[in-house]
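Okay, structure first, notes after.
2 protein chains.
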Amino acid sequence: MNVDVIVREVGLRDGLQMESTFFPTGQKLAWIAAEAAAGVSEIEVTSYVPPKLIPQFIDAEEVTRRSMEIAGLTVAALIPNSKGAERGLALGVHKLNFVMSVSRTHNLKNVRREREESMADFRRIVELRNAMPESRRPVVVGGLSTALGCSFEGRIPVDDVRRYAAQYVEAGADEISVADTVGYGDPALVRKVFTAVLAEVGRIPVAAHFHDTRATGLANVAAALDCGVRRFDASLAGLGGCPFAPGATGNIVMDDLCFMLDSMGLKTGVDLARLLAVRDIVRGSLPDAPLHGALARAGLPKNYIPASQAERRVA
Amino acid sequence: MNVDVIVREVGLRDGLQMESTFFPTGQKLAWIAAEAAAGVSEIEVTSYVPPKLIPQFIDAEEVTRRSMEIAGLTVAALIPNSKGAERGLALGVHKLNFVMSVSRTHNLKNVRREREESMADFRRIVELRNAMPESRRPVVVGGLSTALGCSFEGRIPVDDVRRYAAQYVEAGADEISVADTVGYGDPALVRKVFTAVLAEVGRIPVAAHFHDTRATGLANVAAALDCGVRRFDASLAGLGGCPFAPGATGNIVMDDLCFMLDSMGLKTGVDLARLLAVRDIVRGSLPDAPLHGALARAGLPKNYIPASQAERRVA
Chain A
86 MNVDVIVREV
96 GLRDGLQMES
106 TFFPTGQKLA
116 WIAAEAAAGV
126 SEIEVTSYVP
136 PKLIPQFIDA
146 EEVTRRSMEI
156 AGLTVAALIP
166 NSKGAERGLA
176 LGVHKLNFVM
186 SVSRTHNLKN
196 VRREREESMA
206 DFRRIVELRN
216 AMPESRRPVV
226 VGGLSTALGC
236 SFEGRIPVDD
246 VRRYAAQYVE
256 AGADEISVAD
266 TVGYGDPALV
276 RKVFTAVLAE
286 VGRIPVAAHF
296 HDTRATGLAN
306 VAAALDCGVR
316 RFDASLAGLG
326 GCPFAPGATG
336 NIVMDDLCFM
346 LDSMGLKTGV
356 DLARLLAVRD
366 IVRGSLPDAP
376 LHGALARAGL
386 PKNYIPASQA
396 ERRVA
Chain B
86 MNVDVIVREV
96 GLRDGLQMES
106 TFFPTGQKLA
116 WIAAEAAAGV
126 SEIEVTSYVP
136 PKLIPQFIDA
146 EEVTRRSMEI
156 AGLTVAALIP
166 NSKGAERGLA
176 LGVHKLNFVM
186 SVSRTHNLKN
196 VRREREESMA
206 DFRRIVELRN
216 AMPESRRPVV
226 VGGLSTALGC
236 SFEGRIPVDD
246 VRRYAAQYVE
256 AGADEISVAD
266 TVGYGDPALV
276 RKVFTAVLAE
286 VGRIPVAAHF
296 HDTRATGLAN
306 VAAALDCGVR
316 RFDASLAGLG
326 GCPFAPGATG
336 NIVMDDLCFM
346 LDSMGLKTGV
356 DLARLLAVRD
366 IVRGSLPDAP
376 LHGALARAGL
386 PKNYIPASQA
396 ERRVA
C-alpha cells in the first residue's frame, strides 16, 4: 500500500523498558502481530542490551525471529553499541537503531561513554554491516537523542545536533532519527532543528521521535511535517514514561498520531479501529499501566471519512 | 506589558457549565483574581443565560461586577441572544461573546433557532451596543461554533464558515471567534478554515477556540499561529468536557498552552509558576473533577528560560 507517512511502533522497546513487570513473550508477539495486521509497517520490537541491565529484553532473540515471520513488516531493534549490532546481524534483523545522545551528560549516563566513543563505535557497526552479504544487510539508523533538550543540560545547541547528524552521514548511516527524549520540544524549536538537520543530510531519510511529556508532541509532529519529515515514532496508548519525570507521559500516542495524520488527509496505511483494538492486548498484560489516548476515549468524529477515501470529503 | 499572543481563560464558563456542582461565587472570584494576577489579561467570567437553564450562572451579575474591579482585566461573558446582551450592557461588561453554530443542527439544539434568526439577533445586539454612551460600549464578538466539525452533521463546509464570518463583519462585529466546539479539527483543516476566514475578515481580530477532545488541540494552535492568529481560548487544567463525548477532555489546557507559546518565544504575559498554582483553587472546589495538564505533571524543563528573557537562550 502506498502511504504518505510511515508510523513506527516503539512501545515494545521505549514503553516496555520502563516496565518492571515482564511482559510475556507470547503477548509481545500478539501485540506485534495485531499491530502489523492493523497496518503498522515498522515496529521496533526489542533492544539488544544485556538482559542483566534490562531483564524485559531477555527474549530479544525470540521476539526478533518470530516478528520476522510476519510478511511485509520491517523489524527494527535498538542497539547501544557494536555488541548489540552483532546480535542483530546474527539474527538478520531488518533495521538497527543506534542511540547516541547529543547531550554529553546524557550520553555518559545512558551508554556510559563519550559521544566520540559512540561515534567511533557507530563506524565499526557500519563496517560490520558492510561485511555482510548484501541480502542480509540491515538499514543502519543514526539516532540523536536529547536533540531538543536534556534533563541534565537543559537546552541543546542546534548546531550540535546538525554536527552529529553530519558525522552520522559521513560514517555511512542510512537514516537519521532525531529524538526529543525528554519532551522539551516546541513547534518553533522543532522547525529550527529539523530544518538544520535536513539541510545537512537531505539525501537520506530523517525520522522524528517525540515524547508528549509537556503536551507538545502532536504539535511537534505537525511542525516536522511542515519541514518535510515523513517518518514518526510513537507507542500504542502512549506506553512508557520518562525516568526523570515521574507520572509524565512518554512517547506520543500511536493511536492519536494516526488519527491526526489520517484526518489531515495523509495516508498511513493504518486502520484506526483495528489499531484501537490492539490496546486490549497491552491492557491485558499490564493491568496497572496507565493507557493514554484521546481517540480511544472520544471515538472517531461523526461520519468520519478516512484519508484513503479523502476525495469523498466535503470541501 | 507587551504580549505577542493573548490567552483567554474560558474555564469559568465553558468548564463550569458542564459541572452539576455549584462552584461557590467566592471561589470563582478567587480563581479569576489569581489568574489575572498570574498575567492572564482576558477572562470569560460567566454566561448570561437564564439561570433556570444553567444554575451554575445564577451569580452572573455578581461575578461580572466584582471581576470588573480587577485593574487591567478584560471581563468577557457569553451571550446566546439579545436578552443576554441587555444584561451585559446594563453591567457595563467589557466584551460580549455571542454564539452561533455554523452547523444548522447544532444551532437548533444549542440555542433553539435557525442561524438566520441568530444573525438577525446579532444585528439587534450591535444596535443596542451602538446606542450606549461610547465609554460603556463593549466589544462585540461574533462566535462561529462547530466551525471545524459537528457531532450531528460531521464535516462542515469551509465556505459556510467563511460566509457567516462575512455576515458577522457586515453586521458590525468587532472580532470573530472560530470554535472547534467538539474537537474535530486537525492542523490541515485549521489552516484551510482560518486562511478562508482571515482573507474574508482580515481587518478585525480573529480568535481561535480549540478543544483537545482528540489530542490535536495544541497542534491546531500551532497551525493557527502560522496563519497569523494571536488570540486563543483555553481553560485552566482543561476543565470542562463535551456533553456528546463522555470522558473526553474539553478545552485545551491553559497551562500547557501558555507553556508551548512561551517555549516558542512568544510572550503571553503569564507567569507559568503562578498560573500552575491557580489549579489548587479549582481542585479545592471541584475535588472530583479530573484536572488535566502535562506541565503540571512534568514540570518546567531544566534551566528553563521564559520568553520574556528569550535573548538569553542558546541558539
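These protein sequence lines are chains A and B, in that order.
86 is the number of the first residue of the first sequence in the numbering used here; add one for each residue after it.
86 is the number of the first residue of the second sequence in the numbering used here; add one for each residue after it.
Note that beta-carbon positions come from the ideal geometry of N, C-alpha and C, so glycine has one too.
Give a yes or no on whether 8 Å exceeds the smallest Cβ distance from residue i to chain B.
i	result
Thr-190/A	no
Met-349/A	yes
Tyr-269/A	yes
Gly-173/A	no
Asp-365/A	no
Arg-208/A	no
Ala-304/A	yes
Pro-391/A	no
Leu-380/A	yes
Asp-341/A	yes
In this structure, does DSSP put residue i in helix, strand or coil?
i	result
Val-95/A	coil
Phe-183/A	strand
Ala-156/B	coil
Arg-397/B	helix
Asp-297/A	coil
Ala-251/B	helix
Gly-384/B	coil
Thr-131/B	strand
Phe-108/A	coil
Glu-260/A	strand
Ser-220/A	helix
Ile-117/A	helix
Ser-230/A	strand
Arg-198/B	coil
Asn-192/A	helix
Asn-305/B	helix
Asn-336/B	strand
Val-282/B	helix
Leu-163/A	strand
Counting only beta-carbon atoms, is residue i nearer than 8 Å to chain A?
i	result
Lys-180/B	no
Asn-388/B	yes
Arg-299/B	yes
Met-345/B	yes
Phe-237/B	yes
Thr-106/B	no
Val-338/B	yes
Leu-360/B	no
Ala-374/B	no
Arg-240/B	yes
Using CA coordinates, which residue listed in the options is at the minimum distance from residue i?
i	options	result
Ala-381/A	Ile-390/A, Asp-99/A and Leu-342/A	Leu-342/A
Gly-302/A	Thr-334/A, Val-278/A, Asp-245/A and Gly-228/A	Thr-334/A
Thr-159/A	Leu-324/A, Glu-94/A and Glu-285/A	Glu-94/A
Val-178/A	Asn-166/A, Arg-214/A and Asp-340/A	Arg-214/A
Gly-268/A	Val-286/A, His-294/A and Arg-248/A	His-294/A
Arg-368/A	Ile-210/A, Ile-128/A and Thr-106/A	Thr-106/A
Val-399/B	Ser-370/A, Glu-238/A and Met-204/A	Glu-238/A
Could you compute how far the alpha carbon of residue i sits from the alpha carbon of residue j?
i	j	result
Ser-236/A	Tyr-389/B	10 Å
Arg-172/B	Tyr-133/B	7 Å
Ile-366/B	Ala-123/B	13 Å
Leu-283/A	Asp-311/B	21 Å
Glu-126/B	Thr-190/B	According to the sequence as given, residue 126/B is Ser; it is not Glu. For Ser-126/B and Thr-190/B, the distance between alpha carbons rounds to 34 Å.
Pro-375/A	Val-254/B	47 Å
Val-46/B	Leu-346/B	With chain B represented from 86 up to 400, any question about residue 46/B goes unanswered, as that position is not in the structure.
Asp-99/B	Ala-251/A	49 Å
Ile-289/B	Arg-221/B	20 Å
Ile-139/A	Gln-102/A	7 Å
Pro-372/A	Leu-361/A	16 Å
Ala-156/B	Glu-147/B	17 Å
Glu-201/B	Ala-379/B	41 Å
Ser-152/A	His-296/A	25 Å
Asp-245/A	Val-187/A	7 Å
Ile-257/A	Glu-212/A	Before going on, a small fix: residue 257/A reads as Gly here, not Ile. Rounded to the nearest angstrom, the two C-alpha atoms are 9 Å apart.
Val-278/B	Ala-309/B	9 Å
Thr-266/A	Thr-298/A	9 Å
Val-88/A	Ala-281/A	26 Å
Ala-121/A	Ser-262/B	42 Å
Arg-198/A	Gln-394/B	34 Å
Looking at the ligand HEM, does it come within less than 7 Å of residue i, judged from the CB to the closest heavy atom?
i	result
Arg-209/B	The model depicted lacks the ligand HEM and carries no ligand whatsoever.
Validate contact between the segment 100-113 of chain B and the segment 347-355 of chain B using beta carbons, cut 8 Å, 3 pairs: no
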